[in-house]
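Numbering (my numbering), first residue to last: 76 to 197.
Scroll down for the structure; my scribbles are underneath it.
Laid out in structure tokens, this is it:
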């Protein structure tokens with residue numbers, strides 16, 4: 076079975092960010108960037124650690140597992156993913172939106188993917 080490539084959500088976020096300056100597009104971009112990172116990290120973690128993260132509370136479980144890892148890069152990904160999740164939740168649920176969070180989301184995505192690339196080479 077071919078797995079979905081979560082990194083493609085980055086492209087969706089990029090399109091959302093650039094198609095319109097309207098707040099709803101910018102908020103949606105943050106969400107797509109987050110899910111691009113989350114899905115990619117989850118796939119990596121499940122394969123590397125031969126486990127399945129349950130759907131219920133999957134975000135918190137994955138973040139906690141990463142933050143407790145013996146591997147420093149996994150711990151760093153856990154910290155960044157926790158911060159990223161807060162930004163995504165803020166974009167999804169808070170009536171106030173800071174446009175600077177779109178750039179932060181892009182940066183966090185890239186930082187997480189760089190760390191994952193290092194882990195996958197080892």
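Ideal Cβ placement from N, Cα and C applies to all residues, glycine included.
Quick caveat: nothing in here was measured; it's all calculated off a predicted structure.
- Between the alpha carbons of residue 193 and residue 98 lies a distance of about 34 Å.
- Judged by pairs of C-beta atoms under 8 Å, the segment 120 to 130 does not touch the segment 86 to 103, as fewer than three such pairs exist.
- Taking 4 residues as the shortest admissible run, the segment 120 to 163 contains the following complete alpha helix (DSSP H) segments, listed from N- to C-terminal end: 133 to 142.
- Contact between residue 119 and residue 137 does not hold, since their C-beta atoms are separated by about 10 Å, which reaches or exceeds 8 Å.
- The straight-line gap separating the alpha-carbon atoms of residue 173 and residue 108 is approximately 16 Å.
- Separation of the CB atoms of residue 104 and residue 114 is rounded to 16 Å, and the pair is thereby denied contact status at 8 Å.
- With contacts defined as CB atoms closer than 8 Å, residue 150 and residue 111 fail to qualify as a contacting pair.
- Between residue 162 and residue 116, the C-beta spacing is not below 8 Å.
- The beta carbons of residue 155 and residue 183 sit about 6 Å from each other, so the pair counts as a contact at 8 Å.
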